[in-house]
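Visitor:
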Amino acid sequence: MGPLHPDHPTRETAAAHDEAQRDNLLVLTVATRETEGFRRFKRSAQFFNYKIQALGLGEDWDVERGMTAGGGQKVRLLKKALEKHVDKEDLVILFTDSYDVVFASGPRELLKKFRQARSRVVFSAEELIYPDRRLGPKYPEVSDGKRFLGSGGFIGYAPNLSKLVAEWEGQDSDSDQLFYTKIFLDPEKRGQINISLDHRCRIFQNLDGALDEVVLKFEMGHVRARNLAYDTLPVLIHGNGPTKLQLNYLGNYIPRFWTFETGCTVCDEGLRSLKGIGDDALPVVLVGVFIEQSTPFLSLFFQRLLRLHYPRSQMRLFIHNHEQHHKAQVEQFLAQHGGEYQSVKLVGPEVRTANANARNLGADLCRQDHACTYYFSMDSDVALTEPDSLRLLIEQNKNVIAPLLTRHGRLWSNFWGALSAEGYYARSEDYVDIVHGRRVGVWNVPYISNVYLIKGSALRAELQQTDLFHHRKLDPDMAFCANIRQQEVFLFLTNRHSFGHLLSLDSYQTTHLHNDLWEVFSNPEDWKEKYIHENYTKALAGKLVETPCPDVYWFPIFTETACDELVQEMEHFGQWSLGDNKDNRIQGGYENVPTIDIHMNQISFEREWHKFLVEYIAPMTEKLYPGYYTRAQFDLAFVVRYKPDEQPSLMPHHDASTFTVNIALNRVGEDYEGGGCRFLRYNCSVRAPRKGWALLHPGRLTHYHEGLPTTRGTRYIAVSFVDP
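Numbering-wise, the UniProt record's numbering puts 83 at position 83 of the sequence shown, and it's gapless, one number per residue.
1. Drop a sphere of 10 angstroms on the beta-carbon of M651, count the other beta-carbons inside from all chains shown, and report buried for 16 or more, exposed for fewer.
2. Within the same chain, show all residues whose beta-carbon is closer than 7 Å to that of V215, passing over the 5 residues directly before and after it, in chain order.
3. Using the three-state DSSP reduction, which class does K455 fall into: helix, strand or coil?
4. Roughly how many angstroms separate the alpha carbons of L405 and F492, rounded to a whole number?
5. Look at the Cβ atom of residue 728, then the Cβ atom of L665, and state whether they are nearer than 8 Å.
6. Rounding to the nearest angstrom, what Cα-Cα distance links A158 and M478 in this structure?
7. Which residue marks the beginning of the alpha helix (DSSP H) containing Q487, and which one marks its end?
8. Can you pull the DSSP bridge partners for R641?
9. Hey, I596 and R641: beta-carbon distance below 8 Å or not?
10. Which of the three DSSP states is assigned to M378 in this structure?
11. Output the distance between the C-alpha atoms of D172 and G278, rounded to the nearest integer angstrom.
12. With a cut-off of 8 Å, do at least 3 Cβ pairs link the region 681 to 697 to the region 554 to 562?
13. Once DSSP output is grouped into helix, strand and coil, what is the label at M570?
14. Do F114 and G153 have their C-beta atoms within less than 8 Å of each other?
15. List the endpoints of the continuous alpha helix (DSSP H) containing R224.
16. Assuming E571 contacts D583 under a Cβ cut-off of 8 Å, what Cβ separation, rounded to an integer in Å, is found between them?
17. Counting only runs of 4+ residues fully inside the region 23 to 68, write out the alpha helix (DSSP H) ranges in chain order.
18. Please confirm whether L110 and L94 have their CB atoms less than 8 Å apart.
19. Please work out which residues of its chain come closer than 7 Å, Cβ to Cβ, to Y50, disregarding the five sequence neighbours upstream and downstream, and give them in chain order.
20. Could you have a look at V75 and say whether DSSP puts it in helix, strand or coil?
21. Alpha helix (DSSP H) containing N357: first to last residue?
22. Look at the alpha carbon of I394 and the alpha carbon of F521, and state the distance between them as a whole number of angstroms.
23. As an exercise, report each continuous beta strand (DSSP E) stretch of at least 3 residues that is fully enclosed by the region 189 to 267, in chain order.
24. Runs of 3 residues minimum, wholly inside the region 395 to 452: which ones carry the beta strand (DSSP E) assignment?
25. What residue range is occupied by the uninterrupted beta strand (DSSP E) comprising S685?
26. DSSP has Y672 in a bridge; who is on the other side?
27. Are there 16 or more other CB atoms within 10 angstroms of the CB of D100, so buried, or fewer, so exposed?
28. Verify whether the separation of the beta carbon atoms of F659 and D723 is less than 8 Å.
29. Which residues in the same chain as T702 place their Cβ atom closer than 8 Å to its Cβ, once the five residues preceding and following it in sequence are excluded?
30. Taking 8 Å as the cut-off, decide whether the C-beta atoms of T711 and G669 are in contact.
31. Out of curiosity, what's the CA-to-CA distance linking L207 and R200?
32. Below 8 Å CB to CB, which residues in the same chain sit around T714 once its five sequence neighbours on both sides are set aside?
33. With distances taken Cα to Cα, identify the nearest neighbour of G288 among W416, A363, I254 and D87.
34. To the nearest whole angstrom, what separates the beta carbons of G437 and N523, a pair I think is in contact under 8 Å?
35. Quick one: give me the first and last residue of the beta strand (DSSP E) that Y553 is part of.
36. W527 by DSSP, collapsed to three states: which one?
Here it is in structure tokens:
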């Protein structure tokens, strides 16, 4: 076997070569505190085995945000650090920002590209000049690439970098970029130090002014940022200026935090396991509940809160109810369950506390109490159907994290993947994939809402400002996110589990007694949970279907709540027919077989009732009567009331339908005695109708039937003549 080509070393020699290169490369950065951005930077550096030295940890950052150009502190710290390296001719030093930087490749590629530049010092380059535009004409002309110096990243040999900063005598609040720019624009100094700019972004990618140039490039098990303008793959990505959010997006993937081959590779890092911890030792959670507008299915919201797999002895409740409409429901919940929680604070509609102020109050309750380990904020339109939701969020161990929730059948969710220039919603490239679960992980995003978990320690440190929910003229949700981003705290979203969904509040009416009945279109999942019998799916699968008479089928369809609310809604409406043949509600004004009833259209419920028939009765019909297909059209659907002293029974008749649905709405033996249905042709009776169960039978021709006498109490049934 002949000698190996030197360009193709063995794995062992390559490893040795890389180690030697790393020994001649040092990465210096400035980080006065360990922010989440700095931890992200370190993680990307460790992925490639860079040697990192952070300067200034524990120092105060002397420059107020937005007040001056700043950055002089970085030059001072660098100058001091270089003193011990000034004579190391072969040592290459990379100096870079850290809070808003990620590595996309390793030392070998970095050093190769640096040496190819044939300069002793290489600065990053930018499209935009900063901080003094008047210096623009003094820059050397560039035929291809970016013209202006960027101080957020540069690389050079140690002696040359020492010369670069030797003249620094400025203040911490002075501009580092202006200092380096003036050196670069001096031809003599530029030549002596041998400085060039990375015009084509081969090493450094500054995102400011270049957002349209940079896209993700997915390689096998590795993700890069590709500059489309120059077809280059930069080694460092810098979210300078107003591009922090784009860096957060890129940093969800680069260098290998999420790939199509591996999925999320860092989602299990730093978890806080709750397994094996006794109830009394679990962290204390303050749950903030916000009812800021009239909300359907509030009873389900409280049921789901009770179903959370977390001891109420370790939970405290703060409830802000803005709606008088929900006052009784909230008070009933607290009367029944408030004593199970460690503490309860209710701010009701009579106090008239504004949305943002109420949210600040909830967060501050946790902030001021050092025993409060987490603050869990939930709006009333949140449907957490996963009982382990709170535990799963705690275990992810983030300062701020939200579970992904979407509205039924829509892309509407509780997060934004990007922001527009005005700070409002913009769709990120990965938004749809995250919503649909094609990309699963823990995502750094610019906006979360509706439900989120915040560490109490974060509220007492980075987020210690008492007003998190006001920011300029933004709504409280956007103000909250803007304030958190401003404090350099990341907003995380997890779609690692199916947590639940969001309710749609757009068309919610409060003009009825039981308004949730009308929500079958807007919130079908919750409507089903509240109103459809838990065993309906078993019936649809062929189980729990009985045949009490020939071609008559009996199966569960409604919950107790559905039956009770429909009866109460009809009694609340109160306009029962007289039970005689004259009936102006129907075409022709004459009823052959009259009952005392209220039609669904009288309470404006016919659309919702038809939706119910289509979604739940039609599938059963097609299963039980093979070969028959229905769109569940009807002319008559109504609730009948039978009383011994009013109308106890119904004469024998055929129904004006292809098939009839008859649902018992209350319970024989408790609410009434007697009643039932007799099919005369078969001499077969159903004498004990079950509450919430439907009788399904042919209407005209074969199933001549009568209503048996109700002898005590009041009997209610919901009847539909389908496909007349």
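From the three backbone atoms N, C-alpha and C, an ideal C-beta is built for every residue, glycine too. Nothing here was measured: the structure is a model prediction, and the numbers come from that model.
Guide: Checking against the coordinates, here is how it stands:
1. exposed
2. R226 and L228
3. strand
4. 13 Å
5. With the chain running from 1 to 724 in the structure shown, residue 728 is simply not present.
6. 46 Å
7. Careful: Q487 lies outside any alpha helix (DSSP H) and carries neither H nor E.
8. Y716
9. yes
10. strand
11. 51 Å
12. yes
13. helix
14. no
15. Run containing R224: none in the alpha helix (DSSP H); it sits in the beta strand (DSSP E), H222 to N227.
16. In fact, because the Cβ distance is near 20 Å, the residues do not count as touching under 8 Å.
17. 36 to 47
18. yes
19. V27, F103 and P107
20. helix
21. N355 to R367
22. 34 Å
23. 195 to 198, 204 to 206, 214 to 219, 222 to 227 and 236 to 238
24. 400 to 403 and 442 to 445
25. C684 to V686
26. V668 and G713
27. buried
28. yes
29. D551 and R681
30. no
31. 13 Å
32. R641, Y642, K643, N666, D671 and Y672
33. A363
34. The Cβ separation is near 21 Å, so there is no contact.
35. V552 to P556
36. helix
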